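So for the sequence shown, the working numbering puts the first residue at 180; every next one is plus one. Report on one structure; see the data block that follows.
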Amino acid sequence: MLDVACGTFALDLPLLKHGYRVVGLDASRDMLRVARRSVARERGAADVRVADMRTFDLHRTFDAILCLGTAFNYLATTRDVRRALARFRRHLRPGGVLVLDLTNFEAWIRHPQNVRAEVEYRSRDGTRIAVFAFNDQDLPKSIHFARFFTVVQKDRGMSVGFDEARLRIWEKSDLARALERDRFHPVEWWGDLRLGARYEPSRSPRLVCVAIRT
Ligand SMILES: C[S@@+](CC[C@H](N)C(=O)[O-])C[C@H]1O[C@@H](n2cnc3c(N)ncnc32)[C@H](O)[C@@H]1O
């Protein structure tokens, strides 16, 4: 399998344990540093590399491609979506499976969760980390702004970081059309990553699509 924005590899570790071979790509070196550490801790083996899902070329095909944990929403323009889908198609064998796991923004917009304390963490050496999320949506443009404030306190020192990402808001029907246009045929829709979890537009946390490369 190929996970095209694997992040810390957290969702791939169970697959390794089940005997799948997984290659992971991600645009972030920091994420991959954590991913390599996690794989080593599990005494597993996995090939993880820095790459952009819009441009990568591995000169081989896979049985399945995964794009999980909202990573597909990071493709904010139609051009980037099409570039990535062309890459996915080139790296998937005919009949191979594409799994996209997006945030279900339809439910989010009905029940806004735009302000929340995301993480409060204390590590063994006493470092404290607090992450606060505050978001906003530009509905006419189908864009969600994900913003995070991160505050790290170590001893008496403190650092504050700010991060903003533009995410594309997808509805199921638009995603189905975009996939068919680039010759992926959706066969299943789930409301989260549990196999067969029923998709309910106004309630499900996730919009998961399983599509076949035609
Ligand atoms: C919310 S994280 C999800 C990570 C992982 N898939 C998971 O579910 O745990 C989104 C990831 O997408 C990566 N990403 C965003 N744009 C990317 C791109 N164009 N190519 C590759 N990775 C990208 C980020 O670096 C980040 O690791």
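Just so you know, even glycine gets a beta-carbon here, dropped at the ideal spot from N, CA and C. Note that this is a predicted model, so its numbers are computed, not measured.
Asked                                                                                                                             : Found
C-beta atoms of Leu346 and Ala224 nearer than 8 Å                                                                                 : no
Where Thr393 falls: helix, strand or coil (DSSP)                                                                                  : coil
Delimiting residues of the beta strand (DSSP E) encompassing Met337                                                               : 336-347
C-alpha distance - Leu237 paired with Leu245, whole-angstrom precision                                                            : 15 Å
Spatial distance of Ala325 from Phe313 (CA atoms)                                                                                 : 7 Å
Chain B within 8 Å of Lys196, Cβ atoms only                                                                                       : This model lacks chain B altogether, as it is built from one protein chain only.
Three CB pairs or more closer than 8 Å across the region 332-350 and the region 297-310                                           : yes
Sub-8 Å separation of Val260 and Ala357 beta-carbons                                                                              : yes
Closest Cα partner of Ser383 within the set Arg373, Val389, Arg392, Ile391                                                        : Arg373
Contact test: Asp342 Cβ vs ligand 1 heavy atom, cutoff 7 Å                                                                        : no
Outcome for Arg284 when other beta-carbon atoms lying within 10 angstroms are tallied against a minimum of 16                     : The identity of residue 284 in the sequence shown is Phe, whereas the question assumes Arg. With 16 or more other Cβ atoms within 10 Å, it is buried.
Heavy atom of ligand 1 within 7 Å of Leu386 beta-carbon                                                                           : no
Local conformation of Arg301 per DSSP, three classes                                                                              : strand
Contacts around Arg362, its chain only, beta-carbon distance under 6 Å, and the 5 residues preceding and following it disregarded : Thr393
Where Val339 falls, given that 16 or more other Cβ within 10 Å makes a residue buried                                             : exposed
Ranges of the beta strand (DSSP E) found wholly within the region 263-319, counting only runs of at least 3                       : 271-282, 294-301, 307-313, 315-317
Asp361 Cβ short of 7 Å to ligand 2 heavy atom set                                                                                 : Questions concerning ligand 2 fall outside what the structure shown contains, since the ligands it does hold are ligand 1.
C-alpha gap between Phe328 and Ser302, whole angstroms                                                                            : 18 Å
Cβ neighbours of Ser217 in the same chain (closer than 8 Å, five flanking residues each side left out)                            : Thr187, Phe188, Ala189, Leu192
Proximity test, Asp205 beta-carbon vs ligand 1 heavy atom, cut-off 7 Å                                                            : yes
Buried/exposed call for His364, threshold 16 Cβ in 10 Å                                                                           : exposed
Own chain, CB closer than 7 Å to Arg215, minus 5 neighbours either side, in chain order                                           : Val227
Thr282 versus Gly274 - alpha carbon distance                                                                                      : 26 Å
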